[in-house]
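Peer 1: I'd like to ask you about the structure that follows.
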Amino acid sequence: MKNVPRIKSTSENPLEWAAHVLNLVPTPMVETLSAAILARSVMVAARLGLFAALGAKAQTPEELAQDIDADAGAVRKLLNVLTASGYVRYREPRYALTAMSRKWLLPSSPDSLHENILWRFYEWQAIDYLEEFVRTGKAIEAHETLSAEAWPAYQRGMRSAANVLANELLRRMPVPFGAKAMLDIGGSHGLYSAGLCRRHPGLRSVILDLPSAVEHAAPLLAQERMGDRVVHRPGNALTDDLGEACWDLVLMAQLVHHFDEPTNRDLFERITRALRPGGVFAIVEFFRPSSPQAVGQTGMVMDLFFAITSFSGTWPPEELAAWQREAGLTPKKTIHFLTAPGVGIQAATKPRNASPRRRANGAHRTSFADFQSAVG
Ligand SMILES: C[S@@+](CC[C@H](N)C(=O)[O-])C[C@H]1O[C@@H](n2cnc3c(N)ncnc32)[C@H](O)[C@@H]1O
């Protein structure tokens, strides 16, 4: 069964449950005012260093306010929202982190989402644009309009979220036996490339990402200490030459949701040409249900969000598989992650006897020779 958690107003006792069933609870108020204040409370607590300070020791609001340079009365109210929502616990007179916050929000935790929560301040601006998007259908075009100060926050935010997927992704990724060369399109921080190369000792990876991304992702990749086995290549997957029959694995994680259908189909064809026979093209994505009647709130919410940022959205895995098939690949069974709601892998293999497909117009700008020298 698919793992499909959802955001929903729930009841805290049998009487509230009965009120819910009888449709007496003002659900839209809970899902707008309460949800928005809780979201913003977690973001602000992260930015002010509240989780780090409480992680070090339990504190009273007065001690904490001094520690993070804030107002004690306001800190108490913020702590109470976080306590009522399971982020903090209270034992008179002090507040401490719950196990959930210690794992996900403590900046020093190996699973920390701290940098990802900070990225939410920029995403909030995009969410504010929703009404304009619905009225006009015009997207923000995030990658073209991101400010210089947002780029480093974006790359750190993606790195922090990728950490959550990494274990299951690395374990379940269908890497061809004896794979040597990997292309990680939009691979940013390089966490997946580094992890896959560690698991497959003969594998080397080239991360193709936009120049502004590479500038700020370079220090994150350096932390992986992979040397020349995992390298960045600044460029653009939509215009660069991806090569011909030269990669055993092409990974595209969290990128197809930024491209529309014709762009993705064209890219899938070029990826197919770039794969060696027997090579695998793996897409890691939020999946949208194929029908609005199907369960899958995360996929639908992210579909709208990416429409605002990129005039695209999430795709059903069946649709991604159909484009892979049309490009000449053999799709594999979709993998749905158990540890991440609505996310999974849609992979496909290039048949060993595939006849090379020629493009009608081979108008891609960057020379492939640079890639070849990078993977040897
Ligand atoms: C949402 S992030 C995903 C990062 C990483 N793959 C992950 O899953 O954590 C999308 C990445 O794709 C990059 N990107 C966007 N458009 C691109 C393009 N045309 N060519 C190459 N990379 C692109 C962005 O700069 C960004 O680093």
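Quick note: the sequence shown uses my numbering, first residue 352, plus one each step.
Even glycine gets a Cβ: it sits at the ideal position worked out from N, Cα and C.
(1) Tell me whether Ile478 sits in a helix, a strand or coil according to DSSP, three-state version.
(2) Leaving out the 5 sequence neighbours to the left and right, which residues in its chain are closer than 7 Å to Thr378 when beta-carbon positions are compared?
(3) Using 8 Å as the threshold, is the C-beta distance between Pro643 and Gly650 below it?
(4) If the criterion is Cβ atoms closer than 8 Å, does the pair Arg550 and Arg580 meet it?
(5) Under 8 Å by Cβ, that's how I've got Pro746 and Ala705 pegged, so tell me the actual separation to the nearest angstrom.
(6) Could you give the uninterrupted runs of the alpha helix (DSSP H) lying entirely in the region 411–448, keeping only those of 4 residues or more?
(7) Would the beta-carbon of Ala691 fall within 8 Å of that of Val515?
(8) Within 7 Å: the Cβ of Ala731 and any heavy atom of ligand 1?
(9) Just how far apart, CA to CA, sit Phe591 and Thr614?
(10) Counting C-beta neighbours from all protein chains within 10 Å, is the total for Val729 16 or more, i.e. buried, or is it exposed?
(11) Pull up the distance between the alpha-carbon of Met653 and that of Ala673, whole angstroms please.
(12) Closest to His567 by C-alpha separation, out of Trp502, Glu677, Arg445 and Leu375, would be which residue?
(13) Among Leu520, Gly437, Ala425 and Asp611, which residue has its Cα nearest to the Cα of Trp455?
(14) Contact defined as beta carbons within less than 8 Å: I believe Pro308 pairs with Pro585. What is the distance between those atoms, to the nearest angstrom?
(15) Using 8 Å as the cut-off, can you tell me whether the region 482–502 makes contact with the region 591–606, which would need three or more C-beta pairs spanning the two stretches below that distance?
(16) Between which residues of its own chain and His371 is the CB-CB distance below 7 Å, once the five residues before and five after are set aside?
(17) Would you tell me roughly how many angstroms separate the C-alpha atoms of Trp666 and His609, rounded to the nearest one?
(18) For Asn587, is the beta carbon positioned less than 7 Å from some heavy atom of ligand 1?
(19) Would you say Ala490 and Ala658 are within 8 Å of each other, going by their C-beta atoms?
(20) How would you label Ala711, buried or exposed, when you count the other beta carbons within 10 angstroms and need 16 or more for buried?
(21) What ranges does the alpha helix (DSSP H) occupy inside the region 458–542, keeping only unbroken runs of at least 4 residues that lie completely in it?
(22) Going by C-alpha distance, which of Thr685, Pro458, Pro525 and His687 is nearest Arg507?
(23) Are Ala409 and Arg445 closer than 8 Å when you measure CB to CB?
(24) Considering only residues of the same chain and omitting the five flanking positions on each side of Glu620, which have a CB-CB separation below 6 Å?
(25) Looking at ligand 1, does it come within less than 7 Å of His320, judged from the CB to the closest heavy atom?
(26) Determine the DSSP secondary structure at Val582, reduced to helix, strand or coil.
(27) Kindly list the residues whose CB is nearer than 6 Å to the CB of Val565, restricted to its own chain and excluding five residues on each side of it in sequence; keep chain order.
Peer 2: On the basis of the supplied data:
(1) helix
(2) Closer than 7 Å at Cβ, skipping near neighbours: Ser360.
(3) no
(4) Inclusion of Arg550 and Arg580 in the CB contact set at 8 Å is not warranted, their separation being larger than that value.
(5) The requested residue 746 is not part of the displayed model; the chain covers only 352 to 727.
(6) 412–419 and 423–435
(7) yes
(8) The question about residue 731 has no answer here: the residues shown for the chain are numbered 352 through 727.
(9) Checking the sequence shown, residue 591 turns out to be Asp, not Phe. Straight-line Cα distance between these residues: approximately 14 Å.
(10) A question about residue 729 goes unanswered here, because the residues of the chain that appear run from 352 up to 727.
(11) 21 Å
(12) Distance from the Cα of His567 is smallest, within the candidate group Trp502, Glu677, Arg445 and Leu375, for Trp502.
(13) Gly437
(14) Lying outside 352 to 727, the shown extent of the chain, residue 308 is not represented and no answer is given.
(15) no
(16) Ser362
(17) The straight-line gap from Cα to Cα measures roughly 11 Å.
(18) yes
(19) yes
(20) In this predicted model, Ala711 has a pLDDT of only 46, less than 50, meaning its place in the structure is not dependable; the value taken from the coordinates is given anyway. Counting Cβ neighbours within 10 Å, Ala711 comes out exposed, since fewer than 16 surround it.
(21) 465–479, 481–487, 493–496 and 501–523
(22) Pro458
(23) yes
(24) Hits under 6 Å: Ala678.
(25) The structure shown does not extend to residue 320, since the chain spans only 352 to 727, so no value can be given for it.
(26) Val582 carries a strand assignment under DSSP once its states are collapsed to helix, strand and coil.
(27) Here the set comprises His583 and Pro585.
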